[in-house]
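The structure under discussion appears below in the form of structure tokens.
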Amino acid sequence: MDRILIVKLSSLGDIVHAFPVLNELKHHFPNCAIDWAVSSPFQKLVAAHSLVRKAIPISPNISSITSLRENSYDLLFDLQGNCKSGLVTVLAKAKEKVGFSFSTAREWPNILATNRRFQVSRNQNIRYFYLDLVRKYLNKKNINSIAPVVFKINESEKNEVDCLLKTPILQSKRKILVCPGSKWPNKKLSFEVLSEFLKKIGEPLPSSFLYAWGTPEEKIECEALQALFPDRSIVIEKMDFSKLQYLMSQVDLFIGVDSIALHLCGTTTTPTISFFGPTKKEVFQPIGSQHVAIQGTCPYGITFEKQCPYLRTCKTGACIRSVLNEELS
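First residue of the sequence shown? That's 14 in our numbering, and the numbers climb one at a time after it.
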């Protein structure tokens, strides 16, 4: 049995983007066992994936190193490409350590940790970027297809979600899950624009809305949005990743911004409408014809290939906050 270790430490969204490599490896090595080294705060997300045998939490303490070195692997893929992941790759026991070339790695010292390196184009969707590394190693042609991601979930958890969807006020012809939040405020739509968009999209076909949140501030915003449609919308309680993904697979449409929620929904077949400002939709939007992405325009003329250099510091977030309602229609 082939033993494979994935090194992809963070962040939540980036980890989800890398999930398709698991199906690729399982297809090529049907009897393989795949472990995944991940930063401790994100361990639960990786552990939820049905193809991951063990999610190894990485933290500064010595027990983390001990856990990492418990097993020896035939093959390791460093999908992070920076110094931190390089250190994990150095410490891990593996016959072959595969990573990015000097020109592709995010931080060049990472190449010192690997013994098989490949140049991968960054001019593609981020999911294909990770897949490309694996496919180059396997000497396989790039095929523009991605297998569905299946999370671990039991029947009791499914029943909880099914009961939620049977709530009387959610019995419109179309159920829409709305996730307005993001870790970065500059990725969010203004409340006024989002509420106006929801009013418009709920008119042609009778629709019920479910609002999901991750922080107390996001919950307050969701409650304000719910007040727009009090007779056909609810604010749901927080769910773990498996139940949330299952819920996403059961609704008719997802609406959100560039966030972990969008990328999690992108692992299902549910159509999405998403909004991008300081990040490129071509790089980060879910793959498939059922997904629609709207890109805001920077009023300051800043251009970028993947992510705006001022994502964290821009004081206005105008590229997405000032998206005009005319553009949304």
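C-beta atoms are modelled at their ideal positions from N, C-alpha and C, and glycine is treated no differently.
For this session: Go to His-30, then tell me how far its alpha helix (DSSP H) extends in each direction, as first and last residue.
Result: Residues 25-31.
Exercise. For the alpha helix (DSSP H) that contains Glu-205, what are its first and last residues?
Worked result: 204-214 is the extent of the alpha helix (DSSP H) around Glu-205.
Exercise. So the alpha helix (DSSP H) Lys-97 belongs to, where does it begin and stop?
Worked result: Annotation for Lys-97: the continuous alpha helix (DSSP H) segment containing it runs 96-104.
Exercise. What did DSSP end up calling Thr-292 once you bin it into helix, strand or coil?
Worked result: Of the three classes helix, strand and coil, the one that applies to Thr-292 here is strand, per DSSP.
Exercise. So, is Cys-176 buried or exposed, given that buried needs 16 or more other C-beta atoms within 10 angstroms?
Worked result: Exposed, since its Cβ has fewer than 16 Cβ neighbours within 10 Å.
Exercise. Shortest alpha-carbon distance to Ser-98 belongs to which of Ser-76, Asn-84, Glu-83 and Pro-70?
Worked result: The shortest Cα separation from Ser-98 among Ser-76, Asn-84, Glu-83 and Pro-70 belongs to Pro-70.
Exercise. Is the beta carbon of Val-162 sitting closer than 8 Å to the one on His-62?
Worked result: Taking C-beta atoms as the reference points, Val-162 and His-62 count as a pair closer than 8 Å.
For this session: Have a look at the DSSP bridge pairing and note the partners of Thr-9.
Result: Summary: the structure shown does not reach residue 9, with the chain confined to residues 14 through 342, and so no result is reported for it.
Exercise. What number of angstroms, rounded off, separates the C-alpha of Thr-282 from the C-alpha of Phe-90?
Worked result: Using only the alpha carbons, I get a separation of about 27 Å.
Problem set entry | Outcome for Leu-243 when other beta-carbon atoms lying within 10 angstroms are tallied against a minimum of 16 | The residue you asked about is not Leu; residue 243 is Pro in the sequence shown. The residue in question, Pro-243, is exposed, as its Cβ has fewer than 16 Cβ neighbours within 10 Å.
Exercise. Going by alpha carbons, who is nearest to Pro-312 out of Ala-126, Ser-116, Ala-306 and Arg-334?
Worked result: A check of alpha carbon separations from Pro-312 across Ala-126, Ser-116, Ala-306 and Arg-334 identifies Arg-334 as the nearest.
Exercise. Could you give the residue range of the alpha helix (DSSP H) that holds Arg-334?
Worked result: Note, Arg-334: alpha helix (DSSP H), 331-334.
For this session: State the DSSP-derived secondary structure class of Ile-17, mapped to helix, strand or coil.
Result: In this structure, Ile-17 counts as strand in the three-state DSSP scheme.
Exercise. Between the Cα of Arg-129 and the Cα atoms of Leu-266, Lys-179, Leu-88 and Val-29, which residue gives the shortest distance?
Worked result: Shortest Cα-Cα distance from Arg-129 to any of Leu-266, Lys-179, Leu-88 and Val-29 involves Leu-88.
For this session: Ignore the nearest five residues each way along the sequence and tell me which others in Glu-236's own chain have a CB closer than 7 Å to its CB.
Result: Closer than 7 Å at Cβ, skipping near neighbours: Val-248.
Problem set entry | Glu-120 versus Ser-185 - alpha carbon distance | Distance from the CA atom of Glu-120 to the CA atom of Ser-185, rounded to whole angstroms, is 50 Å.
Exercise. In its own chain, which residues sit with a C-beta less than 8 Å from the C-beta of Phe-32, not counting the 5 before and 5 after it?
Worked result: Same-chain partners within the cutoff: His-62, Val-162 and Thr-280.
Problem set entry | For Lys-256, three-class secondary structure by DSSP | Lys-256 falls in the helix class under three-state DSSP.
Exercise. Gly-94 and Asn-123: beta carbons closer than 8 Å?
Worked result: Taking 8 Å as the cut-off, the Cβ atoms of Gly-94 and Asn-123 count as close.
For this session: Report all residues from its chain with a CB closer than 6 Å to the CB of Arg-187; omit the five preceding and five following residues, and keep chain order.
Result: These residues qualify, in order along the chain: Leu-218, Ser-220 and Asp-265.
Exercise. Can you name the start and end residues of the alpha helix (DSSP H) that Tyr-143 belongs to?
Worked result: For Tyr-143, the enclosing alpha helix (DSSP H) starts and ends at 139-151.
Exercise. Just curious, the beta strand (DSSP E) that Cys-192 is in, first and last residue?
Worked result: Taken as a continuous stretch (DSSP letters only), the beta strand (DSSP E) holding Cys-192 covers 187-192.
Problem set entry | Sequence-distant residues of the same chain with beta carbon closer than 7 Å to Ile-78, five excluded per side | Excluding positions up to five away in sequence, the list reads Leu-104.
Exercise. Is it true that the CB of Ala-107 sits closer than 8 Å to the CB of Leu-18?
Worked result: Contact: yes.
Problem set entry | Inter-residue Cα distance where the pair is Glu-37 and Arg-66 | Each residue's Cα considered, the two are about 16 Å apart.
Exercise. Going by DSSP, which residues form a beta bridge with Arg-135?
Worked result: DSSP lists no partner for Arg-135.
Problem set entry | Coarse secondary structure for Phe-222, derived from DSSP in three states | Note: Phe-222 maps to strand in three-state DSSP.
Exercise. By how many angstroms is the C-alpha of Phe-164 removed from the C-alpha of Trp-197?
Worked result: Going by the C-alpha atoms only, they are around 26 Å apart.
For this session: Report the residue from Val-20, Thr-180, Gly-290 and Arg-82 whose alpha carbon sits nearest the alpha carbon of Phe-55.
Result: The option with the nearest alpha carbon to Phe-55 is Val-20.
Problem set entry | Expected contact under 8 Å - CB spacing of Leu-277 and Met-261 to nearest Å | With a Cβ gap of about 6 Å, Leu-277 and Met-261 count as contacting.
Exercise. Is it true that the CB of Val-147 sits closer than 8 Å to the CB of Val-34?
Worked result: Their beta carbons are under 8 Å apart, which means Val-34 touches Val-147 by this criterion.
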